[in-house]
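By numbering that gives the first Met the number 0, the letter at position 248 of the sequence shown is numbered 247, and the numbering carries on one by one without gaps. Worksheet: one structure, shown below.
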Amino acid sequence: MDASTDPASAIIKSLRDVRDRDPSLHRMVPDTELRTLALIGSSRAGKSTIAKVLSDSLYRPPGPQLYSATRQPQNQWIGGLQIVDMPGFYDKQKHLSSLLTNEAIFEQLQNVMSTVSIDLYAFVFSLISGINDEDIQSMLAVKEKLPHLSERMMLVVTHCEELYQDQKNDLIKDFCNHPDVVHHDLRNFFKQGTFFIGCIRYESLKQQNRRAITFEHTNVLQMRDLLLDKCLKTVHNTNNNNNNNQQTSTANNDVTLPLYQQGGTHHDNTDEKTMKNSSFGESDCWFYCCHCLRTIFSCGKTCLCCFALCLISCYYVVKMLSTASAASVADEKIAD
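Next up, the structure:
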């Protein structure tokens, strides 16, 4: 519909004009380094909307829908960010014959994990109507079946376009204090923190409420920026075939972290005790070396400072590897 005959379209066009004049408001996703984000969670939680909002903050949602349209994993590229949208648990369909069981969805997820290198997982759910049993059961199922994903798992709360920051914080506090969340220690499963997202509401567009649309879009821009910042950070992507045992061991470490992160800040989950108790071998050496290079060159520039940091880091990696080797030789002599 033409903007001249649809007032809501005219509002969206004016917001788009303002947004596009300042590229910092709606940054594009660079394609210089590839990332993959997998979206999982209960049916109709808003997973598909996340991909659309990351692509365009002014995404216009359709009217309310009773049934989920996602039946198979769907891939979408936004610059260098690949988003894998999984069908939702506790599927609801008009015909029982069309229902996807939770077991079938887990099988689909396992197939995706075996073919796609996933950097970050997001468990998506909505708190707009409170915490329901299906969300808790879905979280528990993921935690029990795939505990090693904890190190790359974040929580994304949808339908937050109308909320102020203190209201978002209150939602998370209520979630953390929920008896089932406390009992099953679900808080510490989301090691990558909690983020919020939303979109311009269908009701606001239908009512052509310029003030509400502008307010919601401002919130969406801020939440989108924080979520993108998280997605584009370097997250260690362990090899699915060789390091599943190492991932499971790491996920079982007794590490207590804050659930939500202001400003998308990344928290390092490795403490000194864990480092001392872990074995250090060649595979770890390659990991730290590659991780270091990806981090210090993240500015996209090669300078003397980065080169110096690289040399210093390499020195300490070699030193750690030598110490581990010496300790191994000493242990063998004692055993003999």
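Cβ coordinates follow ideal geometry from the N, Cα and C atoms, glycine included.
Going by beta carbon distance, what residues of the same chain come within less than 8 Å of residue 107, once the five residues before and after it are set aside?
71, 72, 85 and 86
Can you tell me where the alpha helix (DSSP H) holding residue 112 begins and where it ends?
101-114 is the span of the alpha helix (DSSP H), which, as asked, contains residue 112.
Would you mind stating whether residue 160 and residue 219 have Cβ atoms separated by less than 8 Å?
yes
Three or more C-beta pairs below 8 Å linking the stretch 208-217 and the stretch 162-179:
no
With DSSP run on the structure shown, which of helix, strand or coil describes residue 56?
coil
Coarse secondary structure for residue 193, derived from DSSP in three states:
strand
Evaluate residue 156 with the Cβ neighbour count: other Cβ atoms within 10 Å of its Cβ, from every protein chain shown; 16 or more gives buried, anything less gives exposed.
In summary, residue 156 is buried, with 16 or more beta-carbon neighbours lying within 10 Å of its beta-carbon over all protein chains present.
Backbone secondary structure at residue 141 - three-state DSSP
helix
If you drop the 5 nearest sequence neighbours on each side, which residues of the same chain put their C-beta closer than 7 Å to that of residue 158?
45, 125, 127 and 197
Below 8 Å between beta carbons: does that hold for residue 57 and residue 15?
yes
Thinking residue 153 and residue 195 are a contact (beta carbons under 8 Å), I'd like their distance in whole angstroms, please.
Your pair residue 153 and residue 195 does not check out as a contact, with CB atoms roughly 11 Å apart and the cut at 8 Å.
Can you tell me the Cα-Cα spacing of residue 140 and residue 123, whole angstroms?
14 Å
Exposed or buried, residue 48, counting other C-beta atoms within 10 Å across all chains shown (16 or more means buried)?
Under this definition residue 48 is a buried residue.
Option nearest residue 77 by Cα separation, candidates 34, 112 and 6:
34
Using beta-carbon positions only, say whether residue 80 and residue 115 come within less than 8 Å of one another.
no
Can you tell me whether DSSP reads residue 77 as helix, strand or coil?
strand
Relative to the C-alpha of residue 224, which residue among 135, 23 and 32 is closest?
23
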